[in-house]
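When we follow the working numbering, the leftmost residue of the sequence shown carries the number 33, and every step to the right adds one.
A quick write-up on the structure given underneath.
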Amino acid sequence: MILMKSRNIDLETVNARFEKAQPELILKWAIQEFEPRIALTSSFQTESIVLLHMVSQLNPAIEVLFLNTGWHFEETLKFKNEVITSLGLTNVMDLEALPGKREKSISSSDGKPYFKDPDHCCYINKVEPLELALKEVDAWISGLRRSQSKTRKDIQIVEEYQKGLFKINPLANVTSGDIWWYMKEHKLPVHPLFEKGYLSIGCWPCTKPVQPGDDERSGRWAGTEKTECGIHTFLRPKKISEGILEQKESKEEGGGI
Ligand code: SF4
């Protein structure tokens, strides 16, 4: 294990410096500053390939974390393998729910935990495994863009996410048009569901095609108030934040309170 190094990064200065910088320059700085304690998260959807391509040009051995919920579209898993091969990525890791948690959520919800309690489903399949993986790094590269949705409009290029964990959003200022220009310029492949109207692609039970004129992420948890899975907010389902579910699970596991 490589231990965390203490850093004194002036966020105001660094964000002012990078506000108009090219994403590649931001990535280069982040890799130099944090390597080897840096990782990138990717959902291997259409837009993901841009960031993966940029990183692969700098260091194809950077750790890429993929949240394998077990509910990805077949097309996404196939696309993921194609992208890994074509970009020569050598360090892609699948993150899964802690042992037994996914099975338990399925058996207690008639097989559909994503409908019964989507926040809890996202928590055990995405938030919790990512939180654990991020304990091993000091910087997390994400593909968030300000123009994707209202919930993302205020993101900074470099954020101190938790004490000692920095989040780097090199694409914060990039538009959808820039993404497509880059993909065309570098002849990058397109996720097969894109042409069927899926502008943002997550798990199949929670993703629908986007209607013309709607926001890029409107197909995610469509028809509900949920807009984010929680990995960018470390959202906890209400019951967990109140300690109710944690207590219940701990008792079931014989841990006691
Ligand atoms: S996106 Fe849906 S299926 Fe995937 S983890 Fe969240 S609630 Fe579960």
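Backbone N, C-alpha and C define an ideal beta-carbon position, used for all residues, glycine too.
Original post:
Do you know how far the Cα of T73 is from the Cα of A93?
Top reply: Here the C-alpha atom of A93 lies approximately 14 Å from the C-alpha atom of T73.
**OP:** Mind checking who K199 pairs with in its DSSP beta bridge?
**Re:** BP columns for K199 point to W172 and E191.
Original post:
Any idea what DSSP makes of L121, helix, strand or coil?
Top reply: In the structure shown, the three-state DSSP call for L121 is coil.
**OP:** For T101, verify whether its CB is less than 7 Å away from any heavy atom of ligand 1.
**Re:** Indeed, a heavy atom of ligand 1 lies less than 7 Å from the Cβ.
**OP:** Check whether the Cβ atoms of L162 and L127 lie closer than 8 Å to each other.
**Re:** For L162 and L127, yes; Cβs fall inside 8 Å.
Original post:
Unbroken alpha helix (DSSP H) runs of length 4 or more, entirely within the stretch 49-105: which are they?
Top reply: Secondary structure in the stretch 49-105: the alpha helix (DSSP H) runs of 4 residues or longer, each lying completely within the stretch, are 55-66 and 80-90 in chain order.
Original post:
Can you give the Cα-Cα distance for V222 and L164, rounded to whole angstroms?
Top reply: Near 31 Å, if we compare the C-alpha coordinates of L164 and V222.
**OP:** Measuring alpha carbon to alpha carbon, tell me which of G251, L43 and L97 ends up nearest I263.
**Re:** Of G251, L43 and L97, the residue nearest in Cα terms is L97.
Original post:
Heavy atom of ligand 1 less than 7 Å from the Cβ of Y193, yes or no?
Top reply: For Y193, the distance from the CB to the nearest heavy atom of ligand 1 is not below 7 Å.
**OP:** Can you tell me which of K240, T101 and V159 puts its alpha carbon nearest to the alpha carbon of G255?
**Re:** Cα-wise, what sits closest to G255 is K240.
Original post:
Should G143 be counted as a contact of ligand 1 given a C-beta to heavy atom distance under 7 Å?
Top reply: It does not: the Cβ of G143 is nowhere closer than 7 Å to a heavy atom of ligand 1.
Original post:
Hey, out of L43, S80, A62 and I70, whose CA is closest to Y214's CA?
Top reply: It is S80 whose Cα lies nearest to the Cα of Y214.
Original post:
Closer than 7 Å: is that where the CB of Y146 sits relative to any heavy atom of ligand 1?
Top reply: True, at least one ligand heavy atom lies under 7 Å from that Cβ.
Original post:
Would you say the beta carbon of P150 comes nearer than 7 Å to a heavy atom of ligand 1?
Top reply: Answer for P150: yes, Cβ within range of ligand 1.
Original post:
Can the beta-carbon of Y146 be found less than 8 Å from the beta-carbon of W212?
Top reply: Not a contact, by the Cβ cut-off of 8 Å.
Original post:
Can you tell me whether DSSP reads T239 as helix, strand or coil?
Top reply: In the structure shown, T239 adopts extended strand secondary structure according to DSSP, grouped into three states.
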